[in-house]
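Enquirer: In our numbering, each residue's number is its place in the sequence shown (first place is 1) plus 887.
Backbone N, C-alpha and C define an ideal beta-carbon position, used for all residues, glycine too.
First the structure, which I've put down as structure tokens, then a few questions once you've had a look.
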Amino acid sequence: MKILIADDMEGISGVVDWGHVDSKNDEYQRFRRIMTAEVNSAVAGAFAGGADEVVVSDGHGGAKNVMIENLDPRARLNTGAPSEFQMISGIDKGVNGLIFIGYHPRYGTLKGVLAHTWSLGVVNLWLNDRVVGEIGLNSSVAGHFGVPLIMISSDQAGCNEAAAFVPGVETVAVKQGTGTFAAECLPPEVSHELIRETAQKAVKNLIKGISPAPVKTSTPVVVKVELNNAQQADRAMTTPAAVRVDGRTVQVEVPDMVEAYRAFRTIVGLAGPNF
Ligand SMILES: [Zn+2]
């Protein structure tokens, strides 16, 4: 029973500001410590639930946030970027279940703390006409490998987004957003215990065969990306086989979700920042 724990930082309890997740900001060191502890809580719960192998994929920014010196010694850490599967690095290596820790809602979500979709350069992303954020995108790539999303910790809006995309997924809301940059947050002592208990339950259910099904995406996959402005879309049009949908929107059709992940990252990378 191998579990992949994919983390991000915006959905960690206490985080309500870009400065909290920016390694150049003094506050960052506090929140990466809390993030590592939230990850450790999921690791402990996964093992308690019956996992015999747990790999952590660091997913925020350059994927160098989890403090390895504080990581549960039973886990392994995928860190650094870029890598083939980036936010879910290791998903192709015989994983049975996926857990998201510290995830956040997609761009434009009401009361979604630091809500965005991959980068601040992206407005919307659609997979086959279904709008998704990072929760939908990464769980769909996992689905390509037959891996179900069994649990998420996030703010309340992120938990709602996950439950709508993956019915039956276990959720832990570590904060209730009251705005994009405001939330009512659980203290770490409380959020850690909730994450540990829920991860244990999610892995137990996976072993019992009563977990959510892996996300299925019909193929070929149309990846459509709405950018902030037309000059970003101009730049993104050097993506092979790209079609211009409108001034700010570019799409490509690719054979499967692995290629969709590549295509999305290519479009975002070529589009560059909002100017
Ligand atoms: Zn992030």
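Quick one: does the C-beta of Glu-925 sit closer than 8 Å to a heavy atom of ligand 1?
Expert: No - ligand 1 has no heavy atom lying nearer than 8 Å to the Cβ of Glu-925.
Enquirer: Counting Cβ pairs, one atom from each stretch, are 3 or more of them under 8 Å apart for the segment 1075 to 1082 and the segment 919 to 929?
Expert: Verdict: yes, contact present.
Enquirer: If Val-1010 and Tyr-994 are in contact, beta carbons under 8 Å, what's the gap, nearest whole angstrom?
Expert: Confirmed, about 6 Å.
Enquirer: Since Ala-1060 contacts Cys-1046 with CB under 8 Å, what's their CB separation in whole angstroms?
Expert: Going by Cβ atoms, the distance from Ala-1060 to Cys-1046 rounds to 5 Å, so yes, they are a contact pair.
Enquirer: Would the C-beta of Gly-948 count as close to ligand 1, meaning under 8 Å from any of its heavy atoms?
Expert: Checking the Cβ of Gly-948 against ligand 1 gives yes.
Enquirer: Between Phe-1162 and Lys-911, what straight-line distance do the alpha-carbon atoms span, to the nearest angstrom?
Expert: Their Cα atoms are separated by approximately 22 Å.
Enquirer: So who's on the other strand from Cys-1072, going by DSSP bridges?
Expert: Partner(s): Lys-1062.
Enquirer: Identify whether Asn-965 lies in helix, strand or coil by the three-state DSSP scheme.
Expert: Note: Asn-965 maps to strand in three-state DSSP.
Enquirer: Between the alpha carbons of Val-1102 and Glu-1048, how many angstroms are there, rounded?
Expert: Their backbone Cα atoms lie some 14 Å apart in a straight line.
Enquirer: Looking only at DSSP bridge pairs, what is Trp-1005 linked to?
Expert: Trp-1005 is not bridged to any residue.
Enquirer: State whether the segment 943 to 951 contacts the segment 971 to 989, with contact taken as three or more CB pairs (one from each stretch) at a distance under 8 Å.
Expert: With a cut-off of 8 Å, the segment 971 to 989 and the segment 943 to 951 count as touching, because enough Cβ pairs lie within range.
Enquirer: Classify Leu-985 as helix, strand or coil using the three-state DSSP reduction.
Expert: Here Leu-985 sits in strand by DSSP.
Enquirer: My output table needs one value for Ala-1129: the three-state DSSP class, helix, strand or coil.
Expert: Coil, per DSSP.
Enquirer: Asn-1015: which of Ala-1158, Arg-1149, Val-1139, Arg-1152 sits nearest, CA to CA?
Expert: The shortest Cα separation from Asn-1015 among Ala-1158, Arg-1149, Val-1139, Arg-1152 belongs to Val-1139.
Enquirer: I'd like to know if the segment 946 to 963 and the segment 1094 to 1113 are in contact, where contact means that at least 3 CB-CB pairs between them fall below 8 Å.
Expert: The segment 946 to 963 vs the segment 1094 to 1113: no contact.
Enquirer: Between Met-896 and ligand 1, is the CB less than 8 Å from at least one heavy atom?
Expert: For ligand 1, at least one heavy atom lies less than 8 Å from the Cβ of Met-896.
Enquirer: Could you compute how far the alpha carbon of Thr-1013 sits from the alpha carbon of Val-1019?
Expert: Here residue 1013 turns out to be Trp, not Thr, going by the sequence shown. Each residue's alpha carbon lies about 6 Å from the other.
Enquirer: For Ala-893, report the span of its beta strand (DSSP E) as first-last.
Expert: Element bounds for Ala-893: 889 to 894.
Enquirer: Distance, Cα to Cα, Ala-1100 vs Ser-1027?
Expert: If you take the alpha carbons of Ala-1100 and Ser-1027, they lie about 11 Å apart.
Enquirer: From the DSSP output, read off the bridge partner residues of Asn-1011.
Expert: Partner(s): Glu-1113.
Enquirer: With respect to 8 Å, is the separation between the Cβ of His-1079 and the closest non-hydrogen atom of ligand 1 below this value?
Expert: Result no, Cβ not under 8 Å from ligand 1.
Enquirer: From Ser-1040 to Val-941, what distance separates their C-alpha atoms?
Expert: Distance between the alpha carbons of Ser-1040 and Val-941 is about 17 Å.
Enquirer: Going by beta-carbon coordinates alone, are Lys-1062 and Cys-1072 separated by less than 9 Å?
Expert: Cβ distance < 9 Å, so Lys-1062 and Cys-1072 count as in contact.
Enquirer: Do Thr-1085 and Ala-1044 have their C-beta atoms closer together than 9 Å?
Expert: Contact: no.
Enquirer: Please report the residue range of the alpha helix (DSSP H) in which Leu-1157 lies.
Expert: Unbroken alpha helix (DSSP H) run through Leu-1157: 1144 to 1158.
Enquirer: Checking the sheet assignment: what are the DSSP bridge partners for Met-1038?
Expert: In DSSP, Met-1038 forms a bridge with Ile-986, Glu-1057.
Enquirer: Between the alpha carbons of Gln-916 and Val-908, how many angstroms are there, rounded?
Expert: Their Cα atoms are separated by approximately 9 Å.
Enquirer: Just to confirm, is the Cβ distance from Ala-1158 to Arg-1131 under 9 Å?
Expert: Cβ distance not < 9 Å, so Ala-1158 and Arg-1131 don't count as in contact.
Enquirer: What are the boundary residues of the beta strand (DSSP E) that Arg-1017 is part of?
Expert: That run of the beta strand (DSSP E) goes 1017 to 1019.
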